[in-house]
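Asks:
Residue numbers (my numbering), protein chains in the order written: chain W, 1 to 348; chain F, 1001 to 1348.
(1) Anything in the segment 46-69 of chain W with a Cβ closer than 8 Å to a Cβ of chain F? List those residues in chain order, please.
(2) Chain W beta carbons: is any one of them nearer than 8 Å to that of residue 1153(F)?
(3) What does DSSP give as the partner residue(s) for residue 1004(F) in the beta ladder?
(4) 8 Å is my cut-off, CB to CB: does residue 332(W) come that close to chain F?
(5) Take the Cβ of residue 301(W) as the centre, count every other Cβ of all protein chains shown within 10 Å, and call the residue buried at 16 or more, exposed below.
(6) If you drop the 5 nearest sequence neighbours on each side, which residues of the same chain put their C-beta closer than 7 Å to that of residue 181(W)?
(7) Three-state secondary structure (DSSP) at residue 1115(F)?
(8) Can you tell me whether residue 1158(F) is helix, strand or coil according to DSSP?
(9) Near residue 337(W), which residues of its chain fall below 6 Å by C-beta distance, leaving aside the five closest residues on each side in sequence?
(10) Could you give the C-beta distance for residue 1108(F) and residue 1276(F), rounded to a whole number, given that I count them as a contact under 8 Å?
(11) Mind checking if residue 248(W) is an interface residue toward chain F, Cβ cutoff 8 Å exclusive?
(12) From the beta carbon of residue 1300(F), is the nearest beta carbon of chain W less than 8 Å away?
(13) If you reduce the DSSP assignment to three classes, tell me which class residue 23(W) lands in.
(14) Fully enclosed by the segment 222-283 of chain W, which alpha helix (DSSP H) runs are 4 residues long or longer?
(15) When the cut-off is 8 Å and only beta carbons count, does residue 1210(F) lie next to chain W?
(16) Can you give the Cα-Cα distance for residue 1037(F) and residue 151(W), rounded to whole angstroms?
(17) Does the distance from the C-beta atom of residue 116(W) to that of residue 86(W) stay below 8 Å?
(18) Taking only beta-carbon positions, decide if residue 1077(F) is within less than 8 Å of chain W.
(19) When the cut-off is 8 Å and only beta carbons count, does residue 1109(F) lie next to chain W?
(20) Under the rule that 16 or more other beta-carbon atoms within 10 Å means buried, what is residue 272(W), buried or exposed?
(21) Taking 8 Å as the CB-CB cut-off, is residue 1125(F) touching chain W?
(22) Keeping to the same chain, check which residues put their C-beta closer than 7 Å to that of residue 1205(F); ignore five residues upstream and five downstream.
(23) So residue 1039(F) packs on residue 1016(F), CB below 8 Å; how close in whole Å?
(24) Go ahead and label residue 1292(F) buried or exposed: buried means 16 or more other beta carbons lie within 10 angstroms of its beta carbon, across all protein chains shown.
(25) Closer than 9 Å by beta-carbon distance: list the chain F residues that pair up with residue 290(W), in chain order.
(26) Hey, does residue 22(W) have any beta-carbon neighbour from chain F nearer than 8 Å?
(27) Hey, residue 1104(F) and residue 1267(F) are a contact pair by Cβ (cut 8 Å); roughly how many whole angstroms apart?
(28) Kindly list the residues whose CB is nearer than 7 Å to the CB of residue 332(W), restricted to its own chain and excluding five residues on each side of it in sequence; keep chain order.
(29) May I ask you to list, following chain order, the residues of the segment 1159-1190 of chain F that have a beta carbon less than 8 Å from some beta carbon of chain W?
(30) What separation, rounded to the nearest whole angstrom, lies between the Cα atoms of residue 303(W) and residue 1134(F)?
(31) Which residues in chain F have a C-beta closer than 7 Å to the C-beta of residue 276(W)? List them in chain order.
(32) Report all residues from its chain with a CB closer than 7 Å to the CB of residue 1314(F); omit the five preceding and five following residues, and keep chain order.
(33) In the DSSP assignment, what residue or residues form a beta bridge with residue 135(W)?
(34) Is the segment 1245-1253 of chain F in contact with the segment 1138-1154 of chain F, if contact means three or more CB pairs nearer than 8 Å?
(35) Assuming contact is defined by CB atoms lying nearer than 8 Å, are residue 166(W) and residue 177(W) in contact in what I supplied?
(36) Note the first and the last residue of the continuous alpha helix (DSSP H) segment covering residue 96(W).
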């Protein structure tokens, strides 16, 4: 079977309609669908519409609330502790970053914690909101265990990603990285597509290297820079899990096989209003200088272009918006079946 | 020549007296000496008293101000933009983190930028101040170029470290890491001690691997996780250099060979008041749980103990406070000569 090329807006509408069929309010269904399709547009397929199956399964099982409920438990000029009340992660994430931007606009910066949430998709979705508002955006989330503390063979921390973005005079510069060499999502996607994975990504349950994604899913993913990546994963969990009052480490419930207990994921959001610290036009000019400098540096043999973080993703997004999103046949079939299940016709 | 074992307080007093002889006000001389000796106590010798020679040389050359001058250029409930006025980095750093803690105490969190500063020593010194105040502390600094953007062979970014700390019911948990596999300070120290360095730390000027620290000092250090470490180094420079209004990338002046132009280094400081987000005793209990869990995990073959970030350093500090700080003979000789130069007698 060959890949399907589909229009991104049609894909987004289709996903949105499926969520609406599951009783998600239309504006919230839009946010979730937009976040998923945005990941596919960026080439981050692991966090894209390949997640429709698990999200709909969880909504249908009632283990996640269909309509957003949030409670601001504590609020300050430069902070808030938000209870996500087991709502969909993307919807709570967008809500929290909007509050964060408002408060940073008033007081220069803001740091917000969220507990009782769920998988919130691609972290860069939220930090780009801050960049669009002329701010530095930062976000991180914890996740069920996939990384072993350095020296151990047993997973304790999630791949706990961090994302940061800043505006420039054109596309934002965006770093969105797991604390591990790869996101477990990429291992899961490889398993779904029946592909092998490179050595150096994962270890088996008993600490051996493997190229089999199924074995990797039962084992651990390697942290970047050894003890450093372990340290990053730990601190993401301290902020997102312990400080927020969510679960942490192995106490987080698994999205893939627990349809009874809410996940109780935690996130943090930071916004820093650039105009409070420096002139925004001078900030953007200096960003342009840095980007130009980098792109003009001598390249290693075999390298044709140097990129700043997020540039490859922005370019893929532009291309796929024009030429259509590439969906592997197996994923297209899965999406089509979901539509049939929930009474939504596929028209692409 | 064998190592010298010296009392840490005598070492600190000696370093302090040398700075005072160079017209640094006594309370500021104490901060700089404390920061340096603290690094040695932690086993981070690259940022310890081995820096006395360059700091005193710069003070004597008049390229750094002897007495702190700072100017709060902009101030908000949750932020400030501080001009370090070319003062010593440690002194400005301590001042900025103190302001940051005060503001976080009022408003939940705070983010402060500093420009026109100098090398500020070990980043963990400042974040531990926040942890002692019951807060999450974060700090980062830029530095002259040592890391090449991914795909290039030419250095553009410093090893740009980030540090974060949180309090626990005993020692704080502290992560202090360069964006590179190793800090350039370790390469410099190896060169000073005439030692070789492991492969995988540095590349030569033309991109070849080497174990010669002198060659590495002219080349680049490798970022952790390849493009990820490059991304971290870039964003540290965006915050510390571009946002703060300090220099960035190759425009930062070099501490080691430029005694005319101020460095114009930038730093950022973050404090998050834990008690504003959750109950501090519950935070500490949950930290204890996490630490206990980690230390009880199965160990890989050959591993005798699992550590949380900063634990090895805290243990070394305790040992060296009791048993004395180990100074290599070459460093002892250098320190003794400095004392002779500035009229301070060595008594250990």
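From the three backbone atoms N, C-alpha and C, an ideal C-beta is built for every residue, glycine too. Quantities reported herein were computed from a predicted structural model and do not represent experimental measurements.
Replies: With the structure as the only source:
(1) none
(2) As a position in the second chain, residue 1153(F) is number 153, starting the count at 1. Output row for residue 1153(F): interface = yes.
(3) Within the second chain, numbered from 1, the residue matching residue 1004(F) stands at position 4. In the DSSP output, where bridge partners are listed per residue, residue 1004(F) has 1327(F).
(4) By one-based count along the first chain, residue 332(W) stands at place 332. Output row for residue 332(W): interface = no.
(5) Here residue 301(W) corresponds to residue number 301 of the first chain, with the count starting at 1. That one is exposed.
(6) As a first step, residue 181(W) must be located in the first chain, where it is residue number 181. These residues qualify, in order along the chain: 200, 201, 221, 222 and 224.
(7) Along the second chain, one-based indexing puts residue 1115(F) at 115. DSSP places residue 1115(F) in strand when its eight states are reduced to three.
(8) For the purposes of this step, residue 1158(F) is taken as residue 158 along the second chain, with counting starting at 1. Note: residue 1158(F) maps to coil in three-state DSSP.
(9) Here the question's residue 337(W) lines up with position 337 in the first chain. So the list is empty, once near-sequence residues are dropped.
(10) Taking the second chain and counting its residues from 1, the one referred to as residue 1108(F) is at position 108. Taking the second chain and counting its residues from 1, the one referred to as residue 1276(F) is at position 276. That belief holds up - the Cβ atoms of residue 1108(F) and residue 1276(F) are roughly 4 Å apart, short of 8 Å.
(11) If you number the first chain from 1, residue 248(W) lands on position 248. At least one chain F Cβ lies under 8 Å of residue 248(W).
(12) By 1-based counting over the second chain, the position of residue 1300(F) is 300. By this cut-off, residue 1300(F) is an interface position.
(13) Position 23 of the first chain, counting from 1, holds the residue named residue 23(W). Residue 23(W): coil per DSSP, three-state reduction.
(14) 227-237 and 274-277
(15) Walking along the second chain from the start, residue 1210(F) turns up at place 210. It does not; no Cβ of chain W falls within 8 Å.
(16) Locating residue 1037(F) in the second chain gives position 37, counting from the first residue. Locating residue 151(W) in the first chain gives position 151, counting from the first residue. For residue 1037(F) and residue 151(W), the distance between alpha carbons rounds to 29 Å.
(17) The count along the first chain starts at 1 and reaches residue 116(W) at position 116. The count along the first chain starts at 1 and reaches residue 86(W) at position 86. Yes, they are a contact pair.
(18) Locating residue 1077(F) in the second chain gives position 77, where the first residue counts as 1. Closer than 8 Å: yes.
(19) If you number the second chain from 1, residue 1109(F) lands on position 109. Cβ-Cβ to chain W under 8 Å: yes for residue 1109(F).
(20) The residue labelled residue 272(W) in the question sits at position 272 within the first chain. Buried, because 16 or more other Cβ atoms sit within 10 Å of the Cβ of residue 272(W).
(21) As a position in the second chain, residue 1125(F) is number 125, starting the count at 1. False, the Cβ-Cβ gap to chain W never drops below 8 Å.
(22) Along the second chain, read from residue 1 onward, the residue named residue 1205(F) stands at position 205. The answer, listed in chain order, is 1218 and 1219.
(23) For the purposes of this step, residue 1039(F) is taken as the residue at position 39 of the second chain. For the purposes of this step, residue 1016(F) is taken as the residue at position 16 of the second chain. No, residue 1039(F) and residue 1016(F) are not in contact; Cβ-Cβ is about 15 Å, not under 8 Å.
(24) Within the second chain, numbered from 1, the residue matching residue 1292(F) stands at position 292. That one is exposed.
(25) Translated into the one-based positions of the first chain, residue 290(W) becomes position 290. Near residue 290(W) (Cβ distances below 9 Å), the residues of chain F are 1156, 1234, 1237, 1238, 1241, 1242, 1248 and 1249.
(26) Indexing the first chain from 1 puts residue 22(W) at position 22. Residue 22(W) does not count as touching chain F.
(27) Residue 1104(F) sits at position 104 when you count from the first residue of the second chain. Residue 1267(F) sits at position 267 when you count from the first residue of the second chain. So it is not a contact: roughly 17 Å between Cβ atoms.
(28) For the purposes of this step, residue 332(W) is taken as residue 332 along the first chain, with counting starting at 1. The residues are 4.
(29) 1164, 1166, 1173, 1175, 1177 and 1181
(30) Locating residue 303(W) in the first chain gives position 303, counting from the first residue. Locating residue 1134(F) in the second chain gives position 134, counting from the first residue. Straight-line Cα distance between these residues: approximately 48 Å.
(31) As a first step, residue 276(W) must be located in the first chain, where it is residue number 276. Within chain F, the residues near residue 276(W) are 1074, 1076 and 1079.
(32) On the second chain, position 314 is the one that residue 1314(F) refers to. Taken in chain order, the residues that qualify are 1171.
(33) Position 135 of the first chain, counting from 1, holds the residue named residue 135(W). Answer is 273(W), bridged to residue 135(W).
(34) yes
(35) By 1-based counting over the first chain, the position of residue 166(W) is 166. By 1-based counting over the first chain, the position of residue 177(W) is 177. For residue 166(W) and residue 177(W), no; Cβs fall outside 8 Å.
(36) In the first chain, counting from the first residue as 1, residue 96(W) sits at position 96. Element bounds for residue 96(W): 89-107.
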